[in-house]
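> When the letters of the sequence shown are read in order and numbered with the working numbering, they come out as residues 378 to 825. Just so it is clear, CB atoms sit at the ideal spot from N, CA and C, and this is done for glycine as well. Dropping the structure in here first, questions after.
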Amino acid sequence: MVPRSGRDVKFLDGPFARCYTETSAPFVSPTMPFGQEGPMAIGMASPLRGRLLVGQSGGPTVVINSSLVGIIHEALGYPEIEGIYGMRNGILGALHEDFLDLGRESPAVIEGLRYTPSAALGTSRHRLKPEEYERVLQVFRAHNIRFFCYIGGNDSMDTARRLEQLAKEAGYELRVMGVPKTVDNDLTHTDHCPGYGSAARFVALMMRDTGLDTIAGAFSTPVKIVEIMGRHAGWLTAAAALAKEGDEEAPPDLIYVPERPFSIARFLEDVREVCKERGRCVVALSEGVRDEQGNFVAALSTATDAFGHRQLGGASVYLSQLVNDELGLKSRFEKPDTIQRSMMICASPVDLNEAYMVGRMAVHHMMRGVSGKMVTLERAPGPAYYCTTGLVELEAVAEAERLLPPEYLDERGHPTKAFLDYALPLIGGHLPPYTHLKGYPVPRLLGG
378 MVPRSGRDVK
388 FLDGPFARCY
398 TETSAPFVSP
408 TMPFGQEGPM
418 AIGMASPLRG
428 RLLVGQSGGP
438 TVVINSSLVG
448 IIHEALGYPE
458 IEGIYGMRNG
468 ILGALHEDFL
478 DLGRESPAVI
488 EGLRYTPSAA
498 LGTSRHRLKP
508 EEYERVLQVF
518 RAHNIRFFCY
528 IGGNDSMDTA
538 RRLEQLAKEA
548 GYELRVMGVP
558 KTVDNDLTHT
568 DHCPGYGSAA
578 RFVALMMRDT
588 GLDTIAGAFS
598 TPVKIVEIMG
608 RHAGWLTAAA
618 ALAKEGDEEA
628 PPDLIYVPER
638 PFSIARFLED
648 VREVCKERGR
658 CVVALSEGVR
668 DEQGNFVAAL
678 STATDAFGHR
688 QLGGASVYLS
698 QLVNDELGLK
708 SRFEKPDTIQ
718 RSMMICASPV
728 DLNEAYMVGR
738 MAVHHMMRGV
748 SGKMVTLERA
758 PGPAYYCTTG
768 LVELEAVAEA
778 ERLLPPEYLD
788 ERGHPTKAFL
798 DYALPLIGGH
808 LPPYTHLKGY
818 PVPRLLGG
């Protein structure tokens, strides 16, 4: 897929203004006003009748509730759907028969969820045991669940696939659709994942602002290491480069992703050189960086507490101490952790709209006989950003992982222009501009 620039992204006024481009508009149902209930397209509805069940799985995001609302809005337009249930805490809700009747919620509450972070239904990372699948299917039968939407990442898609397969073997008609969600952006067969754009925007804003903070106090603490989510894939850490806005001298000065082996000796030399040249060094570091032997850097620390117990921190903790000890430079570390995925104030309007769109499309296809698929996002060619949806087999996505491709990293392991062109429209376009002093010095009147 040829990456597209974000330069043509435009906004309307408002705290969560929707994103427009020269060739696109926000997702609008062909048959109903935007944001209203109803089927998305005119077509023959399915004769299958029953209840729809939806669940949220894995790490919450800023926009996962927007996908939930899309599912609810679309489902309300089909008389064949006799009820809309939400399972609490992911697949555990189905296992323990713990459902919520979403159809009883007011329209205002449902609409408000579009701009509410975290997972409204609760979530979990439970992996069903073989015998538990049978129990889930029993619960589905008891409640006449015929339509199942699961919002999550690759493990969730695997769970959905297995449930559909079991239902087929048991002769129980069940339609299953996967709705993508992950801030890691590591799902295959989709241009990007809902949740990534907003988390990437947070990372870009955070790195720019903490970079300015470091510059201001560089006389006392010249080094700052920020640890960013991404155990195996560096998509979020790479988004730190968006903070530079084309200025190579701007923070972050160094970026390290898991796709490239991490050399501690090279890291220390990099920090030394940047501090010598710029008087400070701001580092964006993926939590999952590994050394040349494949060991997680986060596991290399030998620090102990007063009782001699090993202290477990993160890669940033360990490397910050090394900078202090080996280079004699005072260093701070930052670990924003789950804050990266939960700040609605940093939500990308593009991300919000696309999350809603994939939710509606899941029901749209399901009510036309489609099952065993995940909705994908497909970037259209052209100078302005525009995204449509597609479908992929759950089996193709389940337990697979997409890393940063080689063309998105230069010889240093820093993000290339190709990556910046890919990611910029996903965060909603350029960051708000800042102003800097020109710095006109006043001549000294006293010697010394």
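Spatial neighbours of Glu784 within its chain, please: C-beta separation below 6 Å, excluding the five flanking residues on both sides.
Locating residue 784 in the sequence shown gives position 407, where the first residue counts as 1. If we look at Glu784 and ignore the five residues flanking it on each side, its Cβ neighbours are Ala795.
> Quick check on Leu797 - is its C-beta less than 9 Å from some C-beta in chain C?
The question asks about chain C, but that chain is absent: this structure has only one protein chain.
> Please specify which runs of the beta strand (DSSP E), each continuous and at least 3 residues long, are wholly inside the stretch 714-765, giving them in chain order.
Qualifying beta strand (DSSP E) stretches, in chain order: 750-756.
> Return the CA-CA distance between Val556 and Lys815, expressed in angstroms with no decimal places.
Here residue 556 is taken as the residue at index 179 of the sequence shown, counted from 1. Here residue 815 is taken as the residue at index 438 of the sequence shown, counted from 1. Looking at the two C-alpha atoms, the distance is approximately 49 Å.
> Under 8 Å by Cβ, that's how I've got Ala576 and Val560 pegged, so tell me the actual separation to the nearest angstrom.
Counting from one through the sequence shown, the residue named residue 576 turns up at place 199. Counting from one through the sequence shown, the residue named residue 560 turns up at place 183. Confirmed, about 4 Å.
> Less than 9 Å between the C-beta atoms of Val431 and Phe525, yes or no?
For the purposes of this step, residue 431 is taken as residue 54 along the sequence shown, with counting starting at 1. For the purposes of this step, residue 525 is taken as residue 148 along the sequence shown, with counting starting at 1. For Val431 and Phe525, yes; Cβs fall inside 9 Å.
> For the candidate residues Asp568, Gly623 and Val600, whose alpha-carbon lies nearest to that of Trp612?
For the purposes of this step, residue 612 is identified with residue 235 of the sequence shown, where counting begins at 1. The option with the nearest alpha carbon to Trp612 is Asp568.
> Write down the C-beta distance between Leu564 and Arg718 rounded to the nearest angstrom, noting that I regard them as a contact closer than 8 Å.
Here residue 564 is taken as the residue at index 187 of the sequence shown, counted from 1. Here residue 718 is taken as the residue at index 341 of the sequence shown, counted from 1. Rounded, the Cβ-Cβ distance is 15 Å, inconsistent with contact.
> Considering just the uninterrupted stretch of the alpha helix (DSSP H) at Pro507, what are its terminal residues?
The sequence position of residue 507 within the sequence shown is 130, counting from 1. Element bounds for Pro507: Pro507 to Ala519.
> Thinking C-beta only, is Met743 closer than 9 Å to Ala447?
In the sequence shown, residue 447 corresponds to position 70, counting from 1. In the sequence shown, residue 743 corresponds to position 366, counting from 1. The sequence given here has Gly at residue 447, not Ala. No, the Cβ-Cβ distance between Gly447 and Met743 is not below 9 Å.
> Quick one: grab the DSSP three-state call for Gly432.
One-based indexing of the sequence shown puts residue 432 at position 55. Strand.
> Over the uninterrupted beta strand (DSSP E) stretch that includes Arg552, give me the two end residues.
One-based indexing of the sequence shown puts residue 552 at position 175. Per DSSP, Arg552 belongs to the beta strand (DSSP E) from Arg552 to Pro557.
> Which residues bound the alpha helix (DSSP H) around Phe323?
Outside the shown range of the chain (378 to 825) lies residue 323, about which nothing can therefore be said.
> From which residue to which residue does the beta strand (DSSP E) around Arg709 run?
Your numbering for residue 709 matches position 332 in the sequence shown. First-last of the beta strand (DSSP E) with Arg709: Ser708 to Glu711.
> Could you give the uninterrupted runs of the beta strand (DSSP E) lying entirely in the stretch 570-613, keeping only those of 3 residues or more?
Listed in chain order, they are 600-605.
> Would a C-beta distance cut-off of 9 Å place Val580 and Ala616 closer than the cut-off?
Stepping through the sequence shown from its first residue, residue 580 is reached at position 203. Stepping through the sequence shown from its first residue, residue 616 is reached at position 239. In this structure, Ala616 lies closer than 9 Å to Val580 by Cβ.
> On a Cα-Cα basis, can you pick out the residue from Pro437, Val740 and Lys545 that is closest to Gly572?
The residue you call residue 572 lines up with position 195 of the sequence shown. Of the candidates Pro437, Val740 and Lys545, the one whose C-alpha sits nearest the C-alpha of Gly572 is Pro437.
> Buried or exposed for Thr812, going by 16 or more other Cβ atoms inside 10 Å?
The residue labelled residue 812 in the question sits at position 435 within the sequence shown. Exposed, since its Cβ has fewer than 16 Cβ neighbours within 10 Å.
> How is Gly480 classed by DSSP in three states: helix, strand or coil?
If you number the sequence shown from 1, residue 480 lands on position 103. Of the three classes helix, strand and coil, the one that applies to Gly480 here is helix, per DSSP.
> Does the distance from the C-beta atom of Leu429 to that of Glu636 stay below 9 Å?
Position 52 of the sequence shown, counted from the first residue, corresponds to residue 429. Position 259 of the sequence shown, counted from the first residue, corresponds to residue 636. Contact flag unset, no.
> Work out the CA separation of Arg667 and Ser693 for me, nearest whole Å.
As a working mapping, residue 693 is identified with position 316 in the sequence shown. As a working mapping, residue 667 is identified with position 290 in the sequence shown. Ser693 and Arg667: Cα-Cα distance of roughly 13 Å.
> At the level of alpha carbons, what is the spacing between Asp478 and Asn442?
In the sequence shown, residue 478 corresponds to position 101, counting from 1. In the sequence shown, residue 442 corresponds to position 65, counting from 1. Roughly 16 Å between the two C-alpha positions.
> Work out the CA separation of Gly705 and Gly574 for me, nearest whole Å.
Taking the first residue of the sequence shown as 1, we reach residue 574 at position 197. Taking the first residue of the sequence shown as 1, we reach residue 705 at position 328. Rounded to the nearest angstrom, the two C-alpha atoms are 38 Å apart.
> My output table needs one value for Tyr695: the three-state DSSP class, helix, strand or coil.
Here residue 695 refers to the residue found at position 318 of the sequence shown. Three-state result, Tyr695: helix.
> Which residue wins for smallest C-alpha separation from Cys570, given the options Glu755, Arg709, Arg518 and Ile487?
The count along the sequence shown starts at 1 and reaches residue 570 at position 193. Among Glu755, Arg709, Arg518 and Ile487, the Cα nearest to that of Cys570 is on Glu755.
> Drop a sphere of 10 angstroms on the beta-carbon of Tyr654, count the other beta-carbons inside from all chains shown, and report buried for 16 or more, exposed for fewer.
Start at 1 with the first residue of the sequence shown, and residue 654 comes out as number 277. What sits at residue 654 in the sequence shown is Glu, not Tyr. Under this definition Glu654 is an exposed residue.
> With distance defined between alpha-carbon atoms, name the residue in Ala496, Phe639 and Asp702 nearest to Ala675.
Locating residue 675 in the sequence shown gives position 298, where the first residue counts as 1. Comparing Cα-Cα distances from Ala675 to each of Ala496, Phe639 and Asp702, the minimum goes to Phe639.
> Please report the distance separating the alpha-carbon of Glu746 from that of Val553.
What you label residue 746 is simply residue 369 of the sequence shown in a count that begins at 1. What you label residue 553 is simply residue 176 of the sequence shown in a count that begins at 1. Correcting the residue identity first, residue 746 is Gly in this sequence and not Glu. Between Gly746 and Val553, the C-alpha separation is close to 10 Å.
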